[in-house]
Amino acid sequence: MVSAIAFASFLVLAALVFGIHIPDDAPSWNQLEQQKWSSRLAHAEQGSWAHAKASSKLQRLEAMQLGQPPQGHPDEYMRYMQLAKTPTDRERPEYTPGYQMRELNSALAARRGVPPVLPWISRGPGNVAGRARAIVIDPADPTGDTWLIAAVGGGVWKTTDKGQNWTGLMDDLPMLQMQSLAISPADPLTIYAGTGESYWNIDTMNGNGVFKSIDGGTTWTQLAATIGDYRFNNVSRIIVDPADEDLVIISTTVGTTKVSLQPTSHIFRSIDGGTNWTEVHQETGTNTFSGPRILQLVADPTDFNVQYATVYGSGIMKSLDSGLTWNYINTGITDFTGRFEMAVSPINSDYLFASAMGTDGTSSVSRLWHSIDGGANWVGGTETTSSSTWLGGQGWYDNTITCSPVDSRTVYVGGVRLWKITLNSLGSTPYAISLMSTGSVHVDHHGLQIVEPQAGGWYILNTNDGGVGFSASGDTSWNAPIAGLTTTQFYGVDKRPGASAYVGGMQDNGTWRSPVNSASTDNWSFQIGGDGYETSWHFDDPGRIIGGSQYNGLARSLDGGVSWSSATSGLTDTGSGNAPFLTKIGKSNARPDHLFAVGGSGPWRSADFGGSWFLSTLNGGIWGGNSSFLDVRVSEADPDVVWTGSR
């Protein structure tokens, strides 16, 4: 962003001094950047790190063009998390499946009979939730007001009043990265929850199998057959027979960046409620970086014997025998570039729709495929409007689709934002698309579900990077009922001296500040845009706070968070090429005015709480340049001792 501002400033100055004429139709900086990253995307190997980075860059450029803050960097976050678990002399993490549960059980055994020293209190934020991947409706509630969600950073949560109040159901578990959920109408008290995260080649939010509850989510048991087996690391989807809660089908993924195994993806089937599993299908591809990934399972709402599975880069499969055997049904599909998501129409189950990430040869595009014969033949859509990339160039990460319950030609899709698509007619290609979501719903969408209460009417439920959203009626007027849904993922937090108030930086959501003695449902105040990282609340003067966005985008407040200004004077290590993605702030309560930062040139020091910065000299040390793992910390025993370096 700094380079963009500098470039724009130079153009203005040059035009004034040298009289340069800039044509009205000249491409803007944003357009030039989009052209550059579109070209890089087209030439990058599908599933590679370069491909993921280019996709994310294009999404952020589109957001900037629309005036949205450039927050949300799933590619950088996942890369950081994967590398954080990887030894310096290894290529991949070496944690064995189930290590978190083993460590928890060991710790509990060591403290058996010992009362807790201090209780934990949830301080919120009540108005900033983290990303949720899946949502299910409790079939026992005729009002449709009881929902359960799977949060990547908070486990399974439940509401019984349409999101007005939320209760966490997995507070005592160390395994909180959940991505899939299923309930059977045959027994609504039986719930299955799948761990991990399968939607990117690094898959760094590793899980470990399937958890099951038989009391509506009050207690959970980790299914023994899924523990310690890499094939169950990431459970992408779960479907359950509506007539038999013990008949369960799951899809799972394994990737080479995670473990020293070939990239595979699997479909497992259980007829005894998850006690035993039979592998009924395996995908092994030639792309050794990301491999094949079965990311979705969908059952025909009128016949559980008929099931569908989507495979990243390979298309769509179908089963006619309740998941025992699978065959591809790709006739008519011509673009297998990336991820597919599909939906079955509740009006006619032969009507199928698929949202897919594709390419036009030079850049990422969004594809809509539909079938009117149960997948025997597919037709590709042609837009009659100008929104050619409704997945936002990021369909590998956020991609979801559901069908209208009242119009067989209409579907709802989610990428960076939410859209409504209506075909001119079934079996033909033209369709119209319109933007459906507004600023009231967080960007980056992962799930869509139609809710039809018994009293009549219908609305849409949505999971996204900011929790949950729903339409008030039909597909109009959106709300985000997230009060008390404390699932946001913090990069860093600091406490106000002498008071129970906090300021913290969050993934995808910026930097926020809490009120004093906040409850879990209390609203926090927005402070800094972008992704939020480490913060420092001045130990002697609570009016001074400093934090920042990615790449040393530091900002400070001198009035307790009421107003903010840039805090990068003298700090030349800013921007993606010169600073770490995770902005670091080294501090000492003994000398609260003295702060430290790090960048590609070395460690930086400020003696006036970020008012100005100076590059420190390393005596005899060799600085290795910019890295995601640059860090700086001040000794708590002696503020003259400062540690800095990288992995």
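Note that the sequence shown covers residues 1081 to 1727 in my numbering. Cβ coordinates follow ideal geometry from the N, Cα and C atoms, glycine included. Quick caveat: nothing in here was measured; it's all calculated off a predicted structure.
- For Ser1186, the enclosing alpha helix (DSSP H) covers residues 1179-1190.
- Nearest Cα to Gly1234 within the set Arg1489, Glu1277, Asn1706, Ser1681: Glu1277.
- Ala1305 sits in a helix when the DSSP states are folded into three classes.
- According to the DSSP assignment, Ile1347 belongs to the beta strand (DSSP E) that extends over 1344-1350.
- For the pair of segments examined, the region 1629-1642 was found to touch the region 1598-1616: the number of CB pairs separated by less than 8 angstroms reaches three.
- Annotation for Val1531: the continuous beta strand (DSSP E) segment containing it runs 1525-1531.
- Distance from the CA of Gly1705 to the CA of Ala1677, rounded to the nearest whole angstrom, comes to 14 angstroms.
- In the DSSP annotation of this structure, the continuous segment of the beta strand (DSSP E) that includes Ser1637 starts and ends at 1633-1637.
- Trp1604 is positioned such that its CB atom lies no closer than 8 angstroms to that of Val1290.
- Taking the Cα positions, Glu1174 is about 34 angstroms away from Trp1684.
- The Cβ atoms of Ile1319 and Gln1259 lie no closer than 8 angstroms to each other.
- For Thr1226 and Val1714, the gap between their C-alpha atoms comes out near 48 angstroms.
- The Cβ atoms of Ser1331 and Ile1374 lie closer than 8 angstroms to each other.
- Under DSSP, Val1548 forms a beta bridge with Thr1543.
- The beta strand (DSSP E) runs lying completely inside the region 1598-1651 and spanning 3 residues or more are 1605-1608, 1625-1629, 1633-1637, given in chain order.
- Judged by DSSP secondary structure, Ile1452 falls outside any beta strand (DSSP E); it is assigned neither H nor E.
- If you compare the alpha carbons of Thr1299, Asp1574, Glu1325 with that of Met1586, the shortest gap goes to Asp1574.
- For the options Ala1273, Pro1222, Ser1202, the alpha carbon positioned closest to that of Ala1230 is the one of Ala1273.
- When only Cα atoms are considered, Thr1358 and His1618 end up about 58 angstroms apart.
- Straight through space, the alpha carbons of Arg1211 and Pro1265 are spaced by roughly 27 angstroms.
- In this structure, Arg1213 places its C-beta atom within 8 angstroms of the C-beta atom of His1526.
- Taking 8 angstroms as the cut-off, the Cβ atoms of Met1516 and Asp1555 count as close.
- Excluding its 5 nearest sequence neighbours in each direction, Gly1680 has C-beta neighbours in its own chain below 6 angstroms: Asp1653, Asn1658, Gly1705, Asn1706, listed in chain order.
- Beyond the five residues adjoining it in sequence on each side, Asp1241 comes within less than 7 angstroms, by CB distance, of Asp1225 in the same chain, given in chain order.
- Ala1230: member of the beta strand (DSSP E) spanning 1227-1231, first to last residue.
- Per the DSSP secondary-structure output, Lys1398 pairs in a beta bridge with Tyr1388, Asn1407.
- Under the three-state reduction of DSSP output, Arg1419 falls in the coil class, being neither helix nor strand.
- Contact between Pro1485 and Thr1223 does not hold, since the beta-carbon distance rounds to 17 angstroms and is not under 8 angstroms.
- Burial of Ser1443 is indicated by the presence of at least 16 other C-beta atoms within 10 angstroms of its C-beta.
- Counting along the chain, Lys1242 sits inside no beta strand (DSSP E), nor does DSSP assign it H or E at all.
- Only residues of its own chain outside the window of five on either side were considered, and among them Phe1291, Ser1293 have a CB closer than 6 angstroms to the CB of Trp1300, listed in chain order.
- Going by DSSP, Lys1664 is part of no beta strand (DSSP E) at all; its letter is neither H nor E.
- Excluding five sequence positions before and after Asp1639, the CB atoms of its chain that fall closer than 8 angstroms to its own CB belong to Gly1623, given in chain order.
- Residue environment analysis places Asn1288 among the buried positions, since at least 16 neighbouring C-beta atoms fall within 10 angstroms of its C-beta.
- Of the candidates Leu1503, Ser1616, Glu1325, the residue whose Cα lies closest to the Cα of Arg1671 is Ser1616.
- In this structure, Glu1325 sits near Thr1270, with a CB-CB distance shorter than 8 angstroms.
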